[in-house]
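Reading through the structure tokens given below for one structure.
In my numbering, the protein residues as written are 186 to 308.
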């Protein structure tokens with residue numbers, strides 16, 4: 186698939202996510218809905234990874250640029266952030282290791298489950 190087709194596919198999934206979010210009775214981020222929809226399409230084989238490979242590689246390689254608008258938004262609220270610097274740093278310092286630990290444990294659990302399935306395919 187060419188790059189324009191891959192972009193059209195990704196943007197089409199994003200558009201469907203926006204539509205689903207608009208129809209929901211509760212507020213839910215359309216980007217999350219779109220990612221879940223893309224995951225389901227990839228897992229079911231409706232969309233193959235080769236269908237979005239070029240664009241996804243480009244987006245991942247240039248991911249840092251997508252954080253610039255958020256950083257500029259933070260700069261606009263620097264005074265508020267300065268007044269809350271100690272609690273913010275405390276939260277960051279305490280939660281970062283917790284996230285790493287939980288992620289590591291989850292990956293280890295997943296790998297153990299996959300290993301058990303390989304050893305005993307009837308389980």
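Glycine residues also receive a C-beta, built at the ideal position from the N, C-alpha and C atoms.
Only a predicted model underlies this, so the values are computations on that prediction, with no experimental measurement involved.
Euclidean distance between Cα positions of residue i and residue j
i           : j           : result
residue 246 : residue 253 : 15 Å
residue 219 : residue 192 : 14 Å
residue 215 : residue 189 : 22 Å
residue 271 : residue 240 : 40 Å
residue 236 : residue 276 : 40 Å
residue 232 : residue 259 : 37 Å
residue 226 : residue 234 : 10 Å
Bounding residues of the alpha helix (DSSP H) (the contiguous stretch that carries residue i)
i           : result
residue 220 : 215-229
residue 267 : 263-268
residue 211 : Note, residue 211: premise wrong, no alpha helix (DSSP H); not H, not E.
Beta-carbon separation (whole angstroms), residue i vs residue j, contact threshold 8 Å
i           : j           : result
residue 222 : residue 198 : 6 Å
residue 265 : residue 273 : Going by Cβ atoms, the distance from residue 265 to residue 273 rounds to 10 Å, so no, they are not a contact pair.
Three-state class that DSSP yields for residue i in the structure shown
i           : result
residue 305 : coil
residue 240 : helix
residue 283 : helix
residue 257 : helix
residue 248 : helix
residue 189 : helix
residue 201 : helix
residue 232 : coil
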